[in-house]
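What follows is one structure encoded as structure tokens, with my remarks underneath.
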Amino acid sequence: MAGEIGGKPFYGQTSQRDEPPGAAGGSTRPPLRAVHPATSQSRRSSQPSARHTYSTRPRRRRPATTPCTRHSAEVPGARYTNTQGLPTRRPAQRAGWVDGGLGTGGRERIECGKDIRRVGSRKVRHNLAFLVCVGKASATPVSALCLMPSEFDLAPADALQDGEMRTYSAADTDVLLLRRAGQYLALAAHCPHYGAPLEKGRLIGDQLVCPWHHACFRVTDGHLCQPPALDSLPSYAVRVAEGRIWVTLPARPAAAAASPDATPTALVGGTAPPLSSAAPDERTFVVVGGGAAGQFAAQTLRAEGFGGRLVLVTSEAAAPYDRTKLSKAYLAGKADKSALPLRQPGFYEQHRIEVLTDTRATGLTLHTRQLKLSGRDPLKYDKLLLAPGSQPNRLPKLPGHDLTGVLPLRSAADADQLRQAAAKAERVVVIGSSFIGMEVAASLADGKRHITVIAQGKEPFERVLGPKIGAMFRNLHRRHGVRFKAEAEVTALEGEDGRVTAVRLASGQRLSADLVVLGVGVRPATDFLEHAFELEKDGGLRVDACLCAAEHVYAAGDVALFPLAAGLGQHRIEHWRVAQQQGACAARNMLGQEAAFAEVPFFWTQQYGKSLRYAGHAPGWDEIIFHGDVRRQNFLALYAHQNRLVAAAAMGRDDDMMVIEALLRAGRMPTPTAARRKLHWAALLG
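Residue numbering for the sequence shown follows UniProt numbering, starting at 1 and increasing by one per position.
Here you go:
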């Protein structure tokens with residue numbers, strides 16, 4: 001809808017966090033004062049200046065003693081040991097205890113890093129921030145006990161103005177306090193996607209936008225409205241009393257507090273309410289593809305209440321994973337395989353999603369609604385989503401393309417092969433200056449290898465971003481030791497004993513190589529659909545505005561040739577976030593909602609810790625309007641086509657990009673003439 005961002009909330013169960021280097025900004029997070037929830041009385045310091053120092057730790061009355069540095073939980077007058085194993089005694093904690101009855105017995109004891117065990121008749125008081133297990137001395141601790149809710153004195157009642165946000169630390173939880181229309185709201189402070197600090201995001205309408213990858217959350221309850229995050233944000237109860245702002249953090253199971261991975265569906269940085277209970281449904285919905293579109297469609301179907309059989313078919317050996325990490329953190333060795341899965345295995349079992357791995361779709365019969373599968377019986381469906389993604393171009397006509405050491409990068413298996421080969425390689429040649437090719441070069445450029453990129457064009461990304469930004473990226477790579485062969489053509493790959501040894505160029509130049517990476521683009525993985533549809537020349541599948549390809553059949557992601565909003569024609573867009581958005585839209589339409597896809601394309605690339613973000617779509621442009629300094633990686637580029645601004649790219653301008661995406665979605669971008677002047681973009685939101 002014009003003027004709005006996002007749509008219906010998405011739900012999930014768990015997500016991975018992998019904060020990109022250099023992207024997180026520092027923030028001051030004042031520690032908070034905890035209070036007894038039953039009395040809501042703050043045990044304040046006697047010093048007046050302490051009113052603006054929100055601390056959960058009391059002042060020590062006996063500085064000669066050493067407090068326990070690993071637990072705030074304590075029994076008044078009990079015996080403790082500190083991290084050095086030395087005995088110490090602390091005065092009674094004056095803030096934030098919740099009573100828990102223990103019965104009768106001898107004296108109490110607490111040891112750092114161990115469970116609190118009952119051997120006394122007193123009450124143990126515990127704080128939300130720490131794992132506290134209570135039980136008899138001779139018995140197993142009752143680890144299933146829940147930590148009690150705690151209320152924290154966050155800040156003065158006038159701490160924020162409307163539209164402002166600030167992060168505070170309540171025990172071990174970072175809380176984002178924000179004020180909207182005179183009302184205070186509290187949410188988790190970090191995006192569940194990659195952990196971005198949300199205080200650096202922006203409030204637009206009733207949504208909070210992540211500054212890094214533009215996930216959107218509803219501020220009233222934290223519900224996810226736009227990917228790439230998979231989960232909603234935890235939200236916390238807030239009240240204003242006695243001139244202060246109080247936030248209540250909920251109870252958590254002790255076992256979960258100790259280990260986020262204690263259960264297959266443990267929450268990591270995000271939260272989701274139970275999926276809506278669905279009425280009995282005899283239908284079977286099938287999703288082909290375990291990428292961004294397929295995974296997001298499956299979780300959306302369950303979130304929207306589909307209760308029938310749900311089957312996800314993937315040709316890969318693993319359940320859906322984060323493909324965007326393959327050419328970045330994973331290839332660079334900064335992330336291992338545990339960081340790749342989008343969901344823990346228990347998620348699919350819990351939500352009754354059948355995941356068929358190592359299974360290829362081999363054919364489709366529309367009139368009988370049957371999908372043919374490799375190694376399995378045909379699968380009959382009531383509704384079908386085609387989201388098989390793309391497959392890398394392998395240059396089959398190039399002599400030597402099948403030599404050992406010539407590798408593409410598309411799947412996790414490809415990435416594993418590439419990591420192993422790169423560990424032994426001294427000379428790497430990347431054929432193609434695509435985003436994948438350039439990210440691979442950046443990930444492998446550790447100063448130990450000689451890396452050369454062969455590009456057909458004069459500058460990398462010239463067709464998408466323009467020559468000026470392309471030249472900036474080329475120079476960035478050169479500063480890290482990467483060499484470029486621009487406007488070059490590869491004529492052959494040479495080898496010895498079946499292994500690649502060199503790359504031959506049309507100019508006659510020979511480049512020695514232990515490893516050759518093919519970064520020459522991808523094509524839709526739609527070969528199995530040739531007899532069911534009339535495919536486009538590039539292998540794409542044409543769909544309508546609701547992503548429908550035929551009766552009962554929908555398509556999303558890389559394969560879908562769809563009509564862009566604002567009359568910009570039919571296009572295929574190979575972006576991760578767009579695929580997720582289309583997966584959600586197609587899922588809702590499979591349930592009969594008939595919603596047109598009208599999202600604004602958005603993508604990002606990160607190389608050497610520098611991130612570029614792009615919103616909109618400009619298959620061509622008449623002019624690029626620049627603000628800032630491209631060479632210093634701090635700029636905004638606006639793409640004008642037929643006297644309209646249709647896209648923007650930026651580095652170091654996160655706030656502007658959040659606003660520009662909202663303006664593109666609402667159809668309220670300024671004219672190119674107005675954009676040539678320095679604009680205050682936020683003011684254009686109205």
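C-beta atoms are modelled at their ideal positions from N, C-alpha and C, and glycine is treated no differently.
Take residue i as the anchor and find which of the options has the nearest alpha-carbon.
i: glycine 652; options: Leu636, Arg665 and Val646; result: Leu636
i: serine 507; options: Val490, Phe528 and Arg523; result: Val490
i: asparagine 634; options: Gly195, Arg613 and Val516; result: Arg613
i: leucine 664; options: Ala565, His627, Ala595 and Gly609; result: Ala565
i: alanine 335; options: Pro345, Gln344, Gly346 and Arg323; result: Arg323
i: methionine 590; options: Asp538, Phe602, Arg479 and Ala555; result: Ala555
i: alanine 157; options: Leu178, Ser150 and Thr173; result: Leu178
i: alanine 292; options: Ser150, Gln593, Val240 and His575; result: His575
i: arginine 677; options: Arg419, Ala640, Ile625 and Gly346; result: Ile625
i: valine 503; options: Leu679, Phe152, Gly432 and Ala647; result: Gly432
i: proline 392; options: Phe533, Gly519, Gly195 and Gly569; result: Gly519
i: tyrosine 168; options: Asp162, Gln161, Ala181 and Pro197; result: Pro197
i: residue 699; options: Leu384, Ala189, Ala595 and Phe484; result: No answer is possible for residue 699: the residues shown for the chain start at 1 and end at 686.
By the DSSP assignment, the alpha helix (DSSP H) with residue i in it spans what residues?
i: tyrosine 348; result: 345–350
i: phenylalanine 296; result: 292–303
i: glycine 470; result: 467–479
i: arginine 202; result: Per DSSP, arginine 202 belongs to no alpha helix (DSSP H); it is in the beta strand (DSSP E), 202–204.
i: aspartate 416; result: 412–424
i: aspartate 655; result: 654–666
i: cysteine 546; result: Per DSSP, cysteine 546 belongs to no alpha helix (DSSP H) and is neither H nor E.
i: alanine 584; result: 576–590
i: leucine 356; result: That residue, leucine 356, is in no alpha helix (DSSP H); its beta strand (DSSP E) goes 353–356.
Would the beta-carbon of residue i fall within 8 Å of that of residue j?
i: glutamate 439; j: glutamine 607; result: yes
i: valine 429; j: alanine 513; result: yes
i: glycine 540; j: valine 522; result: no
i: alanine 584; j: alanine 170; result: no
i: phenylalanine 602; j: alanine 615; result: yes
i: histidine 213; j: tryptophan 604; result: yes
i: alanine 422; j: leucine 310; result: no
i: alanine 550; j: phenylalanine 597; result: no
i: leucine 444; j: lysine 610; result: no
i: serine 150; j: leucine 249; result: yes
i: alanine 317; j: valine 355; result: no
i: proline 345; j: tyrosine 321; result: no
i: alanine 332; j: isoleucine 469; result: no
i: proline 192; j: leucine 154; result: no
i: alanine 586; j: leucine 547; result: yes
i: arginine 202; j: valine 659; result: yes
What number of angstroms, rounded off, separates the C-alpha of residue i from the C-alpha of residue j?
i: alanine 387; j: phenylalanine 306; result: 19 Å
i: alanine 525; j: isoleucine 573; result: 14 Å
i: proline 672; j: leucine 645; result: 6 Å
i: aspartate 497; j: serine 390; result: 32 Å
i: cysteine 210; j: valine 517; result: 33 Å
i: alanine 486; j: threonine 501; result: 21 Å
i: alanine 24; j: leucine 529; result: Here alanine 24 scores only 38 on pLDDT, less than 50, and its place in the model should not be relied on; the value that follows carries that caveat. Rounded to whole angstroms, alanine 24 to leucine 529 spans 44 Å at the Cα level.
i: glutamate 108; j: threonine 359; result: Below a pLDDT of 50, predicted positions are generally treated as unreliable, and glutamate 108, at 30, falls in that range; the measurement from the model is reported next regardless. One C-alpha to the other measures close to 59 Å.
i: alanine 339; j: glutamine 581; result: 22 Å
i: leucine 147; j: valine 313; result: Below a pLDDT of 50, predicted positions are generally treated as unreliable, and leucine 147, at 49, falls in that range; the measurement from the model is reported next regardless. Between leucine 147 and valine 313, the C-alpha separation is close to 41 Å.
i: alanine 186; j: aspartate 382; result: 42 Å
i: threonine 284; j: histidine 367; result: 16 Å
i: glycine 400; j: valine 406; result: 9 Å
i: alanine 412; j: leucine 373; result: 22 Å
i: arginine 449; j: leucine 230; result: 37 Å
i: leucine 176; j: valine 219; result: 11 Å
i: histidine 531; j: glycine 363; result: 8 Å
i: valine 240; j: leucine 684; result: 33 Å
i: arginine 51; j: alanine 237; result: Bear in mind that the predicted position of arginine 51 carries a pLDDT of just 31, short of 50, making it too unreliable to give a figure here.
i: threonine 56; j: valine 247; result: Confidence in threonine 56 is poor, its pLDDT being 38 and thus under 50, which makes the residue's placement unreliable; the coordinate value appears in the next sentence. Answer to the nearest angstrom: the Cα atoms are 14 Å apart.
i: lysine 537; j: glycine 289; result: 21 Å
i: lysine 397; j: arginine 510; result: 19 Å
i: glycine 457; j: methionine 669; result: 31 Å
With respect to the beta strand (DSSP E) encompassing residue i, which residues constitute its N-terminal and C-terminal limits?
i: arginine 632; result: From DSSP, arginine 632 is part of no beta strand (DSSP E); its letter is neither H nor E.
i: glutamine 226; result: 224–226
i: glycine 616; result: 610–616
i: phenylalanine 602; result: 602–607
i: tryptophan 246; result: 244–249
i: valine 311; result: 309–313
State the CB to CB distance for the pair residue i and residue j, rounded to an integer number of angstroms; the pair is presumed to be in contact (CB under 8 Å).
i: isoleucine 451; j: leucine 409; result: Isoleucine 451 to leucine 409, Cβ: 14 Å. No contact.
i: leucine 403; j: glycine 495; result: 4 Å
i: alanine 361; j: isoleucine 245; result: Between isoleucine 245 and alanine 361 the Cβ distance is about 54 Å, and since that is not below 8 Å, they are no contact.
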